[in-house]
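Beneath this line is the structure, given in structure tokens, with notes to follow.
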Amino acid sequence: MPQPPLALFDIDSLLSEEESAIAAVVRKFVADRVRPNIAGWYEHGTVPTRELARELGSLGLLGMHLHGYGCAGTSATAYGLACLELEAGDSGLRSLVSVQGSLAMFAIHQHGSDEQKRQWLPRMAAGEAIGCFGLTEPDYGSNPAGMRTYARRDGSDWILSGTKMWITNGSVADVAVVWARTDDAIRGFVVPAGTPGFSAPEITRKMSLRASITSELVLDEVRLPADALLPGARGLAGPLSCLNEARFGIAFGALGAARDCLETTLAYAGQREVFGRPLAGFQTTQLKLADMTLELGKGMLLALHLGRLKDSGRLRPEQVSLGKLNAVREAIGIARECRTILGAAGITLEYPIMRHAANLESVLTYEGTSEIHQLTIGHALTGAKAFR
Ligand code: TGC
Ligand code: FAD
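Residue numbers for the sequence shown follow our numbering, so the first one is 6 and each next one is one higher.
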């Protein structure tokens, strides 16, 4: 009897009842709401972000591992499993949840004032307000320490000037968490979208993450009251603390895209006949399937181990790098190998594989490129920093 790839590893036996139940709810949401529509959203580069945010909010998936302020307060492992199921649908969907919960909401939850938390978090958890996270700039992606966006004081107000680039959901966001240099240190600011001088032109002509909005943020002398400052974040450690959260989600999420590619390929190879018999019966196909299954299962075991470490408060940033690097690198390899098994059919939107492969190019780059994670691991191994 054929078995699904992760069943070979008996992964389900490693999950609690609650974790399995959460994963099942998200899998059903993806099956009912995303799978029937995703090819069209991707092809046309349009996605009903606001509607999806409300639906994800009503399922309790936004900021789900945060506590209080309307957040579900699940385990980090459950959050990872939700990311996996969402990314099995599309990386863009997981991006929406990552940016909302792990970046924008986490920044406010971890570093914000009580007033900022009360004002934004319940609406963001419900998906009524969408958040974005502006760290990257046109000339400073991997090296955010060089950022030029500047916040100066004018009386008790702040005036922000600069440009952020490649910002997920920038043009649809109700609130942007923007990181800026001040005379003192890098600080974070909560910027409501309607503030004069703030605009977010959408970036078009993307060949990856087409079911996700990506924008610039332009800050042209944006005047903010003193209480827009996130009081708890000072220095680059502020935004990097948020990245740990989103990178952790990707350590699970990318494996969802890989699982979807592999399951699609198994089904295809079972029915596609070449040289008079099913493709699945050829040794070459089985070698590919076995190797991909092994990488998927190993990635899953690593992700779950990181989840357990995070839930016990022991997860270190360099361990998050291990997970993010491995999951995305293996997922993109699996997507490309699966594509070969589908032959020409693999390049179309009739199957999810090419879409996942193209999405994973972005996932390989955002939240720290593979090279940045390799260097982070290299630093942990040698004690020598090789970034500059
Ligand atoms: P460095 O001198 O090492 O550190 C500066 C301060 O930060 C602390 N730190 C961390 N804190 C928490 N978590 C981490 N992972 C941290 N890494 C470092 C560090 O202890 C220090 O603190 P303090 O108190 O001493 O000041 O910084 P560096 O300038 O050498 O840079 C290090 C490097 C290259 C690893 C870092 O800049 C980096 O991670 N670069 C990659 C940038 C990145 O990942 N950008 C992502 C933008 S957001 C995004 O892509 C969203 S896509 C989401 C989606 O759509 O799903
Ligand atoms: P660069 O930093 O210019 O890197 C180019 C190449 O040089 C890479 O291969 C990199 O690994 C390599 N490199 C850089 N430094 C070193 C080094 N020291 N040693 C060796 N190699 C090095 N950012 C946000 O702030 N918020 C968002 O919501 C967001 N969403 C995104 C959505 C999408 C679809 C994409 C594609 C990006 C998004 N980003 C976002 C930006 C993302 O974080 C950056 O693209 C990423 O950090 C890399 O920066 P860069 O593109 O400027 O590449």
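Ideal Cβ placement from N, Cα and C applies to all residues, glycine included.
All values reported here derive from a predicted model rather than from experimental measurement.
With distances taken between CA atoms, residue 152 lies nearest to 187 out of 133, 135, 187, 351. Taking the Cα positions, residue 47 is about 27 Å away from residue 11. Less than 7 Å separates the beta-carbon of residue 170 from that of residue 142.
Three or more Cβ pairs closer than 8 Å define a contact, and the segment 180-199 meets that threshold against the segment 239-254. Residue 357 counts as buried, since no fewer than 16 other beta carbons sit within 10 angstroms of its beta carbon. Straight through space, the alpha carbons of residue 321 and residue 38 are spaced by roughly 35 Å. Among the bridge pairs identified by DSSP, residue 137 is matched with 181. Leaving aside the five residues that flank residue 333 on each side, the residues in its chain whose CB is nearer than 8 Å to its CB run, in chain order, 255, 259, 365, 368, 369, 375. Relative to the ligand TGC, the nearest heavy atom lies less than 6 Å away from the CB of residue 392. Taking C-beta separations shorter than 8 Å and ignoring five residues to either side along the sequence, the partners of residue 206 in its chain run 176, 220, 221, 223, following chain order. Where residue 393 is concerned, there is no enclosing alpha helix (DSSP H), because DSSP gives it neither an H nor an E. The residue from 120, 21, 343 with its alpha-carbon nearest to that of residue 285 is 343.
Runs of the alpha helix (DSSP H) lying entirely within the segment 44-114, each at least 4 residues long, are 54-63, 81-94, 96-102 in chain order. Residue 203 is bridged by DSSP to 224.
Exposure of residue 352 is indicated by the presence of fewer than 16 other C-beta atoms within 10 angstroms of its C-beta. As the crow flies, the alpha-carbon of residue 381 is around 12 Å from that of residue 249.
Closest by C-alpha distance to residue 168, out of 179, 138, 34, 159, is 138. Ranking 116, 304, 7, 60 by CA distance to the CA of residue 235 puts 116 first. The C-alpha of residue 227 lies about 52 Å from the C-alpha of residue 18. With fewer than 16 other beta carbons inside 10 angstroms of its own, residue 289 counts as exposed. The segment 264-277 and the segment 143-162 do not touch, with fewer than 3 CB-CB distances between them shorter than 8 Å.
DSSP links residue 166 through a beta bridge to 155.
Under DSSP, residue 172 forms a beta bridge with 220. The residue among 267, 125, 303, 229 with its C-alpha nearest the C-alpha of residue 76 is 125.
Contact between residue 253 and residue 182 is absent: CB atoms are separated by about 18 Å, not below the 8 Å threshold.
Non-local C-beta neighbours of residue 74 in its own chain, meaning closer than 6 Å and more than five positions away in sequence, comprise 122, 126, 127, ordered along the chain. Relative to residue 300, the option among 336, 36, 102, 379 whose CA is nearest is 336.
At a Cβ-Cβ threshold of 7 Å, residue 307 and residue 331 count as neighbours.
Taking 3 residues as the minimum length, the segment 290-351 contains no beta strand (DSSP E) run wholly inside it.
Of the candidates 104, 95, 209, 338, 95 places its Cα closest to the Cα of residue 36. Annotation for residue 149 indicates a beta carbon within 6 Å of some heavy atom of the ligand TGC.
Residue 80 places its beta carbon 7 Å or farther from that of residue 251. Under the 10 Å beta carbon count, residue 105 is surrounded by 16 or more other beta carbons and is classified as buried. With a contact defined as Cβ atoms closer than 8 Å, residue 261 and residue 91 qualify at about 7 Å. No Cβ-Cβ contact shorter than 7 Å links residue 87 with residue 132. With contacts defined as CB atoms closer than 7 Å, residue 118 and residue 173 fail to qualify as a contacting pair.
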